[in-house]
Amino acid sequence: MREIFAGLPWWVKWVAVPVIALVVFGGVIATVIGFVIGLLFKVLLFVALVGGLIYVVRKFMSSSSSRGDW
Numbered sequence: 111m112r113e114i115f116a117g118l119p120w121w122v123k124w125v126a127v128p129v130i131a132l133v134v135f136g137g138v139i140a141t142v143i144g145f146v147i148g149l150l151f152k153v154l155l156f157v158a159l160v161g162g163l164i165y166v167v168r169k170f171m172s173s174s175s176s177r178g179d180w
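Note that this note's numbering has the sequence shown beginning at 111, numbered continuously upward.
Here it is, written out as structure tokens:
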């Protein structure tokens, strides 16, 4: 691989090849990044909902047990 790029100018190696790679694989990269961000958002939403449910249940259980002490 180094022999292929050996005689080429620097701008071909560092500008043209990455731009071509982004054009060709840009859709795949965007899809993967979108999937990862969407999955991360769903995981955070799940954690927040479970945490809120646990908070509400504990709050309700503590208030109902304190009323029974009267």
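In this text, a Cβ means the ideal position worked out from N, Cα and C, and glycines have one as well.
Lys123 versus Gly117: straight-line alpha-carbon distance, rounded
10 Å
Alpha-carbon spacing of Phe135 relative to Trp120, whole angstroms
22 Å
Residue span of the alpha helix (DSSP H) that contains Ala116, given as start and end:
Arg112 to Ala116
What is the rounded straight-line gap between the Cα of Ile130 and the Cα of Leu149?
29 Å
Inter-residue spacing [alpha-carbon to alpha-carbon] between Ile164 and Ile139
38 Å
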